[in-house]
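Okay, structure first, notes after.
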Amino acid sequence: MAQLPLVDSHCHLHMLDAAPDHPVQYLEHAREQGIGHLMTVSVDLDSVPELLALAEHYPQVSTSVGVHPCGRDLREVSPAKLAALADHPQVLAIGETGLDYMCTGPEDRDWHHERFRQQVRAAHLAGKPVIIHSRGAPEDTARILKEEDAEAVGGVIHCFTDDMASARRYLDLGFFISLSGILTFRQADALREVARKLPRDCLLVETDCPYLAPVPHRGKQNQPAWVREVAECLAEVRGESLGAVAEYTTTNFYRLFPTAPPLDRQATL
Ligand SMILES: [Zn+2]
Ligand SMILES: [Zn+2]
75 MAQLPLVDSH
85 CHLHMLDAAP
95 DHPVQYLEHA
105 REQGIGHLMT
115 VSVDLDSVPE
125 LLALAEHYPQ
135 VSTSVGVHPC
145 GRDLREVSPA
155 KLAALADHPQ
165 VLAIGETGLD
175 YMCTGPEDRD
185 WHHERFRQQV
195 RAAHLAGKPV
205 IIHSRGAPED
215 TARILKEEDA
225 EAVGGVIHCF
235 TDDMASARRY
245 LDLGFFISLS
255 GILTFRQADA
265 LREVARKLPR
275 DCLLVETDCP
285 YLAPVPHRGK
295 QNQPAWVREV
305 AECLAEVRGE
315 SLGAVAEYTT
325 TNFYRLFPTA
335 PPLDRQATL
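Sequential numbering of the sequence shown, starting at 75, is according to my numbering.
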């Protein structure tokens, strides 16, 4: 059987240099590196039309609708409004939403939690999974997901960097765990140790580009093609082949997002 290509489960294609007008350079390079699909994730509502245009035009691109926890847009995000925006075949999820205690102060916390809850409620209304961003807040993130019955919609903790106890709380909710280029960073021994132990049926890989370029590209603008370096690092850490990592991470992506468009057949590892 032919090997499955990789999926970049979380990127921000529209933020790459020149990408809004010229995404093809990034998509071509991704295809050459064996990336068969990529999800370009929403961080605010103003860019949703741009993301939808990308996803409608390029069959290997899907998208989401949500408001990032570090966003400065203070307008209300009602669950009904988000769910209505997400009512589109190429919108696979609500997010990225969640909690980030590095970019918000304690005085903002109640409001921050409420915005997160509203977006999980939108996921229930839309019948789509949630993409979770969590930094410095593993307990509160898991608690709110549980209180909002996020297990019923499912989702992914993107750019996971927490410890094994945190991972277990998310796994108990049936969530997937996505690893980014941070896995390749020299000082990330603790994360590599967690990645080595996680069950294969929960793992996804991502770039989160333009941020977090993996080794050996650090300091440059990240791009979807470099999810290959993340997958290669994961394979090395776990003593597996790149093909095996592609097989289970891509299968997991389609388990989480069963309505995702088919893989780009021209992308081979
Ligand atoms: Zn994020
Ligand atoms: Zn992101």
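For every residue, glycine included, the Cβ atom is placed at its ideal position computed from N, Cα and C.
Take residue i as the anchor and find which of the options has the nearest alpha-carbon.
i	options	result
residue 174	216, 306, 251, 125	216
residue 226	209, 148, 129, 249	249
residue 294	284, 118, 230, 97	284
residue 179	342, 112, 209, 156	209
residue 299	97, 136, 101, 90	101
residue 252	305, 195, 260, 177	305
residue 321	274, 170, 259	274
residue 106	319, 297, 331, 311	297
residue 114	159, 99, 167	167
residue 265	236, 184, 314, 194	236
residue 194	213, 211, 229, 177	229
residue 154	140, 231, 287	140
residue 163	181, 135, 189, 171	135
residue 103	302, 244, 319	302
residue 156	186, 127, 183, 190	190
residue 286	233, 207, 192	233
Note the first and the last residue of the continuous beta strand (DSSP E) segment covering residue i.
i	result
residue 327	Taken as a continuous stretch (DSSP letters only), residue 327 belongs to no beta strand (DSSP E), being part of the alpha helix (DSSP H) at 316–330.
residue 84	80–85
residue 139	135–139
residue 230	229–231
Would DSSP call residue i helix, strand or coil?
i	result
residue 280	coil
residue 242	helix
residue 111	strand
residue 76	coil
residue 187	helix
residue 258	helix
residue 285	coil
residue 150	coil
residue 335	coil
residue 162	coil
residue 196	helix
residue 142	coil
residue 290	coil
residue 182	helix
residue 237	coil
residue 275	helix
Quick one: using the 10 Å Cβ neighbour count with 16 as the cut-off for buried, is residue i buried or exposed?
i	result
residue 255	buried
residue 269	buried
residue 148	exposed
residue 280	buried
residue 333	exposed
residue 152	exposed
residue 238	exposed
residue 129	buried
residue 282	buried
residue 108	buried
residue 292	exposed
residue 123	exposed
residue 271	exposed
residue 315	exposed
residue 98	exposed
Since residue i is in the alpha helix (DSSP H), which residue starts that stretch and which ends it?
i	result
residue 167	Premise fails: residue 167 lies in the beta strand (DSSP E), 165–174, not in any alpha helix (DSSP H).
residue 156	153–159
residue 253	Residue 253 -> not in any alpha helix (DSSP H); beta strand (DSSP E) instead, spanning 250–253.
residue 312	301–312
residue 127	122–131
residue 295	Run containing residue 295: none; DSSP gives neither H nor E here.
residue 267	263–271
residue 99	98–106
* Ignoring anything shorter than 3 residues or poking outside the segment 199–227, list the beta strand (DSSP E) runs there in chain order. => Counting only runs of 3 or more, we get 204–209.
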